[in-house]
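Below: one structure, written as structure tokens.
Protein chains: 2
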Amino acid sequence: MSATKKETGKVPPRQNPMCAVCEVRCSALFGSLKGPALARVQSEIEDVALSANERIYGPGDAGKDVYTVRSGMVRFERHTEGGELRIVRVAGRGDLIGLEALLQRPYNDEALCCGPVKLCRIPCALIDKLADEQGALRRELMLRWQTTLEASEAWVANLATGPARRRMLRLLSRLSELGLPDGTIWLPRREKIGAMLDLTFETASRLVSQMRREGVLDLTTPRLARVNAQALREASAAQDAEGRDSATV
Amino acid sequence: MSATKKETGKVPPRQNPMCAVCEVRCSALFGSLKGPALARVQSEIEDVALSANERIYGPGDAGKDVYTVRSGMVRFERHTEGGELRIVRVAGRGDLIGLEALLQRPYNDEALCCGPVKLCRIPCALIDKLADEQGALRRELMLRWQTTLEASEAWVANLATGPARRRMLRLLSRLSELGLPDGTIWLPRREKIGAMLDLTFETASRLVSQMRREGVLDLTTPRLARVNAQALREASAAQDAEGRDSATV
DNA sequence: CGAGCCGTTGAGGGGATTCAAGCTCAGTGG
DNA sequence: CCACTGAGCTTGAATCCCCTCAACGGCTCG
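Heads up: the protein sequence lines correspond to chains R and W, in order. Counting from 1, position 157 in the first sequence corresponds to residue 156 in numbering that gives the first Met the number 0; the numbering is continuous, with no gaps. Counting from 1, position 197 in the second sequence corresponds to residue 196 in numbering that gives the first Met the number 0; the numbering is continuous, with no gaps.
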């Protein structure tokens with residue numbers, strides 16, 4: 000995934016992301032495209048900037064596009080059979096979302112922005128066209144599906160398992176991956192944390208406070224926080240060890 | 000540990016499922032293939048019959064095949080970051096499993112048989128070859144990935160959310176889909192139910208007993224049961240209504 | 001300023017776990 | 001034949017975790 004060929008030089012201006020120099024190119028869908036194909040891509044892709052809680056797409060929308068996340072975090076909400084709201088996954092920088100649309104299927108979830116988000120909107124028609132010429136793109140697409148599937152299964156295993164405290168610690172760990180390298184993360188509203196971990200917002204609040212008292216979390220502005228990676232690792236290890244004890248008796 | 004090196008050449012031409020008349024053909028991967036391609040497929044596919052708890056593949060295995068489930072039920076186990084066992088998904092008749100292998104990736108989970116299972120083992124090399132000639136197959140593959148992803152997200156929303164009783168009711172509902180039309184289902188051991196729903200086996204047992212007393216479930220042989228679809232729907236509706244009440248206050 | 005949203009914290013109750021006992025059933029060997 | 005085991009299942013009692021209900025404080029905005 001390190002650059003295959005970049006620096007094709009000073010690609011002239013367009014209004015769109017200029018994939019050749021895009022900051023997520025190496026991990027992006029069109030990372031493998033060459034010259035002319037890449038040029039055509041650039042005229043059809045549109046980049047969009049959204050702010051917190053804006054809707055990218057939702058169930059029922061006629062899906063004609065997929066999106067690459069250039070920055071920010073996207074959450075996927077859906078309602079359970081019982082009607083409650085549940086967040087089933089989040090996507091971050093480099094992820095490709097809305098894959099259902101490539102199969103002419105309606106979107107399954109509602110995709111919403113956590114904080115400001117930048118996207119590339121990619122028409123499905125463009126991908127269909129390119130895929131016929133560029134075999135590598137097909138493989139890349141399958142890879143995206145697989146990556147998404149892995150994220151979903153990991154969500155089941157790590158964020159939907161065990162006591163609330165453990166789930167919270169794992170969420171912080173996941174948020175750290177999506178956040179800045181200095182540990183700054185986007186911390187959702189308590190109610191959203193609840194929807195991710197299947198908790199009430201009160202319990203989510205108590206856990207956030209607990210993390211704060213323990214020095215794992217440091218709340219800065221309303222929706223931003225800093226994670227102490229070291230303390231998080233220690234707390235997680237302690238929590239996991241405890242679980243192992245009772246399981247190994 | 001089941002056979003990994005097959006296809007040693009002298010495979011008799013006639014031992015395979017005959018896709019053209021296979022009972023799952025319409026929903027199967029090669030449902031769209033025509034004449035000659037189909038004939039070639041039949042000489043390379045091997046059908047396997049496994050019994051309860053046999054391992055189909057596991058993390059670390061060199062993935063060289065994918066499998067179509069012809070009958071029975073397959074569960075996917077993995078360990079959480081804390082080391083506990085968790086079942087993250089199940090597959091049934093018509094499902095294609097082990098898709099990671101198509102991307103030369105190691106399998107993510109351990110795939111195990113619930114009860115007797117019949118599979119078609121399909122070499123990845125065969126799919127790669129066919130995909131170059133038959134465009135429809137590529138689309139079919141993507142559809143499989145998407146279907147699997149949807150199943151995984153539904154698992155999060157329905158089997159990992161809410162009180163234990165609701166999760167159990169939803170599990171029964173899901174097992175019914177995979178079972179016979181007369182309501183006969185394969186009911187896992189209590190410990191496995193726990194691994195699916197994130198419960199202790201005692202709680203799983205209590206819930207099974209409860210379902211039985213309510214007439215939702217009727218245990219026959221050790222691992223088989225019959226579901227009263229009507230009673231299950233009613234119990235689910237009641238459970239969901241209750242949830243909605245407290246949520247809507 | 002009051003209204004409303006978000007977050008925090010406390011008190012009490014309920015649901016799931018934990019610990020523990022006892023049951024059935026298959027297999028084994030006396 | 002029957003005692004003896006061990007695995008799986010069931011059930012009870014006590015504990016603990018999380019939910020529910022409730023009050024309150026900070027903040028923005030009309």
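Even glycine gets a Cβ: it sits at the ideal position worked out from N, Cα and C. Quick caveat: nothing in here was measured; it's all calculated off a predicted structure.
Report, in whole angstroms, the separation of the C-beta atoms of residue 28/R and residue 111/R, which I expect to be a contact under 8 Å. Here residue 28/R is taken as the residue at index 29 of the first sequence, counted from 1. Here residue 111/R is taken as the residue at index 112 of the first sequence, counted from 1. In fact, because the Cβ distance is near 22 Å, the residues do not count as touching under 8 Å.
Other residues of its chain near residue 189/W: CB distance less than 6 Å, five sequence neighbours each side excluded: Position 190 of the second sequence, counted from the first residue, corresponds to residue 189/W. Closer than 6 Å at Cβ, skipping near neighbours: 200, 203, 204.
If you draw a straight line from the alpha carbon of residue 131/W to that of residue 38/W, how long is it in whole angstroms? Counting from 1 along the second sequence, the entry for residue 131/W is found at position 132. Counting from 1 along the second sequence, the entry for residue 38/W is found at position 39. C-alpha separation (whole angstroms): 17 Å.
Using the rule of at least 16 other Cβ atoms within 10 Å of the residue's Cβ for burial, across every protein chain shown, is residue 91/W buried or exposed? The residue you call residue 91/W lines up with position 92 of the second sequence. Under this definition residue 91/W is a buried residue.
Run through chain W and tell me which residues come within less than 7 Å of residue 144/R, C-beta to C-beta. As a position in the first sequence, residue 144/R is number 145, starting the count at 1. What residue 144/R touches in chain W: 141, 144, 145, 148.
Using only alpha-carbon positions, find the residue among 234/R, 236/R, 223/R, 230/R that is nearest to residue 51/R. As a first step, residue 51/R must be located in the first sequence, where it is residue number 52. Nearest C-alpha to residue 51/R: 223/R.
Is it buried or exposed, residue 143/R, if we count other Cβ atoms within 10 angstroms and call 16 or more buried? As a working note, residue 143/R is residue 144 in the first sequence. By the 10 Å Cβ count, residue 143/R comes out buried.
Name, going along the chain, the residues of the region 72-103 of chain W whose beta-carbon falls closer than 8 Å to a beta-carbon of chain R. 75, 77, 78, 79, 80, 81, 82, 83, 85, 87, 88, 98, 99, 101, 102
Could you work out which residues of chain R lie near residue 152/W, taking near to mean beta carbons separated by less than 9 Å? Along the second sequence, read from residue 1 onward, the residue named residue 152/W stands at position 153. Near residue 152/W (Cβ distances below 9 Å), the residues of chain R are 75, 77, 87, 88, 107, 108, 151, 154.
Take residue 161/R and list the residues in its own chain whose beta-carbon comes closer than 8 Å to its own, dropping the five residues that flank it on each side. Along the first sequence, read from residue 1 onward, the residue named residue 161/R stands at position 162. Once the five neighbours on either side are set aside, the close Cβ partners of residue 161/R are 242.
The region 156-174 of chain R contacting the region 72-85 of chain W, beta-carbon criterion three pairs below 8 Å: yes
Give the range of the beta strand (DSSP E) segment to which residue 90/W is assigned. The residue you call residue 90/W lines up with position 91 of the second sequence. Run containing residue 90/W: 84-90, per the beta strand (DSSP E) assignment.
Does the CB of residue 230/W have a neighbour CB from chain R at under 8 Å? Start at 1 with the first residue of the second sequence, and residue 230/W comes out as number 231. Residue 230/W does not count as touching chain R.
Let me know the secondary structure DSSP gives residue 21/W once reduced to three states. Counting from 1 along the second sequence, the entry for residue 21/W is found at position 22. In this structure, residue 21/W counts as coil in the three-state DSSP scheme.
Cα-Cα, which of 195/R, 167/R, 235/R is closest to residue 206/R? Within the first sequence, residue 206/R is the residue found at index 207, counting from 1. Here the closest residue by C-alpha is 167/R.
Nearest to residue 211/W by CA position, among 221/W, 198/W, 225/W, is which residue? To locate residue 211/W, count along the second sequence from 1; it is residue 212. If we check each option's Cα against that of residue 211/W, 225/W comes out closest.
I'd like the ranges of any beta strand (DSSP E) spanning at least 3 consecutive residues and lying wholly in the region 120-208 of chain W. 183-185
Is it the case that the Cβ atoms of residue 147/W and residue 101/W are separated by a distance below 8 Å? Taking the second sequence and counting its residues from 1, the one referred to as residue 147/W is at position 148. Taking the second sequence and counting its residues from 1, the one referred to as residue 101/W is at position 102. In this structure, residue 101/W does not lie closer than 8 Å to residue 147/W by Cβ.
Assuming contact is defined by CB atoms lying nearer than 8 Å, are residue 88/W and residue 150/W in contact in what I supplied? On the second sequence, position 89 is the one that residue 88/W refers to. On the second sequence, position 151 is the one that residue 150/W refers to. It is a contact, given that the beta carbons lie within the stated cut-off.
Based on Cα-Cα distance, which residue from 139/R, 174/R, 214/R lies nearest to residue 154/R? The sequence position of residue 154/R within the first sequence is 155, counting from 1. That would be 174/R, whose Cα lies nearest to the Cα of residue 154/R.
Just to confirm, are residue 46/W and residue 121/W a CB contact at a threshold of 8 Å? As a position in the second sequence, residue 46/W is number 47, starting the count at 1. As a position in the second sequence, residue 121/W is number 122, starting the count at 1. No, these two residues do not count as a Cβ contact at 8 Å.
Could you tell me whether any Cβ in chain R is nearer than 8 Å to the Cβ of residue 161/W? Taking the first residue of the second sequence as position 1, residue 161/W is located at position 162. Judged by the 8 Å Cβ criterion, residue 161/W is in contact with chain R.
With 16 other CB atoms within 10 Å as the buried threshold, where does residue 208/R fall? Counting from one through the first sequence, the residue named residue 208/R turns up at place 209. Exposed: under 16 other Cβ atoms inside 10 Å.
Residues, ordered as in the chain, of the region 164-195 of chain W that lie near chain R by beta-carbon distance below 7 Å: 165, 169
Using a Cβ-Cβ distance cut-off of 8 Å, determine whether residue 62/W contacts chain R. Residue 62/W sits at position 63 when you count from the first residue of the second sequence. Not closer than 8 Å to any Cβ of chain R, the Cβ of residue 62/W fails to qualify, so no.
What did DSSP end up calling residue 218/W once you bin it into helix, strand or coil? Here the question's residue 218/W lines up with position 219 in the second sequence. In this structure, residue 218/W counts as strand in the three-state DSSP scheme.
Taking the straight line between their C-alpha atoms, what separation do you get for residue 21/W and residue 217/W? Position 22 of the second sequence holds residue 21/W. Position 218 of the second sequence holds residue 217/W. So the alpha carbons of these two residues sit roughly 32 Å apart.
Going by alpha carbons, who is nearest to residue 113/W out of 170/W, 231/W, 74/W, 183/W? As a position in the second sequence, residue 113/W is number 114, starting the count at 1. Ranking the options by Cα distance to residue 113/W, first place goes to 74/W.
Considering residue 64/W, what are the terminal residues of the beta strand (DSSP E) in which it resides? Position 65 of the second sequence, counted from the start, is the residue given in the question as residue 64/W. Counting along the chain, the beta strand (DSSP E) containing residue 64/W begins and ends at 64-78.
Run of the beta strand (DSSP E) containing residue 56/R, from where it starts to where it stops: By 1-based counting over the first sequence, the position of residue 56/R is 57. 54-56 is the extent of the beta strand (DSSP E) around residue 56/R.
Give a yes or no on whether 8 Å exceeds the smallest Cβ distance from residue 246/W to chain R. To locate residue 246/W, count along the second sequence from 1; it is residue 247. Note that residue 246/W scores a pLDDT of 48, beneath 50, so its modelled location is shaky; the value from the coordinates is reported in the next line. Yes, contact with chain R.
Contact belief for residue 227/W with residue 193/W at Cβ below 8 Å, rounded distance in angstroms: Along the second sequence, one-based indexing puts residue 227/W at 228. Along the second sequence, one-based indexing puts residue 193/W at 194. 23 Å between Cβ atoms; not a contact.
Going by DSSP, what residues sit across from residue 256/R in a beta bridge? Residue 256/R is absent from the model: chain R starts at 0 and stops at 248.
Give the single residue among 184/W, 239/W, 231/W whose Cα lies nearest to the Cα of residue 70/W. Your numbering for residue 70/W matches position 71 in the second sequence. For the residues 184/W, 239/W, 231/W, the minimum Cα distance to residue 70/W belongs to 184/W.
Is there a Cβ from chain W that is less than 8 Å from the Cβ of residue 242/R? The count along the first sequence starts at 1 and reaches residue 242/R at position 243. Interface residue, yes.
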